[in-house]
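These notes are about the structure you will find just below.
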Amino acid sequence: MSDPFERLRDEIAADPVNAEYTALGWRPLITGSPESRVLIMSQAPGRRAQESGVPFNDASGVRLLDWLGVTRADFDDPAKFAIVPMDFYYPGKGASGDLPPRRGIAAAWHPRILAELRPRLTVLVGAYAQRERLGDRRGATLTDTVRAWRAYAPAVVPIVHPSPLNVGWHLRNPWFEAELVPELRRLVAAALAE
1 MSDPFERLRD EIAADPVNAE YTALGWRPLI TGSPESRVLI MSQAPGRRAQ ESGVPFNDAS
61 GVRLLDWLGV TRADFDDPAK FAIVPMDFYY PGKGASGDLP PRRGIAAAWH PRILAELRPR
121 LTVLVGAYAQ RERLGDRRGA TLTDTVRAWR AYAPAVVPIV HPSPLNVGWH LRNPWFEAEL
181 VPELRRLVAA ALAE
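Residue numbers for the sequence shown follow the UniProt record's numbering, beginning at 1 and rising by one.
In structure tokens, the structure reads:
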């Protein structure tokens, strides 16, 4: 089966705003197909993921797959999962983690990408994806939004970013692993089984 996003990746790579990344030999990190049952909307690829060309190919990915209750093979199957970040390239290192996704990238490209998808479940990973997709419907903080996940389910589930740097957040919010993660696994399994 041909990759339906290959043409879009070529167009994104050719966009002058992405010239510095194209010069590095990087490809836009986006995967999926019209058959994708679960859409993962996230911040931007990490360095390791960008360099390997495999979304969430790092410690964050290990944790995310555990939360979703899926294998790496399932996660990498575009008929099952679409991965659409707010920015398609690693943005660089900041003072406390990676830099945020560049402004305007999602607005420029997401309408075309999302028009190709019909997911049964959308998982919004982190504040940037939640801000983009939920707009005024999100809570005042990431924690407020994630804590109110039932208001968006079963079609959408906002979660915290699975970065290992979020240890403090998890210590302050044990309900996430106790309550939300089991339900997320159930919703993912149901979406994949349909």
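Built from N, CA and C at the ideal position, the CB exists for glycine as well.
These figures come from a predicted structure and were not determined experimentally.
- Distance check between I159 and each of R172, P174, L180 places L180 closest, using alpha-carbon atoms only.
- Excluding the 5 residues flanking it on each side, R37 has same chain C-beta neighbours closer than 8 Å at A79, K80, F81, P119, R120, L121, A191, L192, E194, in chain order.
- Under the 10 Å beta carbon count, R133 is surrounded by 16 or more other beta carbons and is classified as buried.
- Annotated three-state conformation of G25 is coil, per DSSP.
- Taking the Cα positions, A14 is about 11 Å away from R7.
- Looking at the backbone, the Cα of R63 and that of D144 are separated by about 21 Å.
- Secondary structure in the segment 118 to 168: the alpha helix (DSSP H) runs of 4 residues or longer, each lying completely within the stretch, are 127 to 134, 142 to 147 in chain order.
- In this structure, I83 is the residue among I83, L184, L99, H170 with its C-alpha nearest to the C-alpha of P34.
- Here R147 has no same chain residue with a Cβ atom under 6 Å from its own Cβ, once five neighbours each way along the sequence are excluded.
- If you look at A108, you'll find it in the alpha helix (DSSP H) that goes 105 to 115.
- In the DSSP assignment, L65 falls within the unbroken alpha helix (DSSP H) covering 59 to 68.
- Note on D58: 16 or more other CB atoms within 10 angstroms of its CB, so buried under the neighbour-count rule.
- By the criterion of a C-beta distance shorter than 8 Å, L184 is surrounded in its chain by W67, L68, G69, V123, V157, I159, once the five residues flanking it on both sides are discounted.
- Cα atoms of I30 and P85: separation of roughly 7 Å, rounded to the nearest angstrom.
- For L184, the enclosing alpha helix (DSSP H) stretches over residues 181 to 193.
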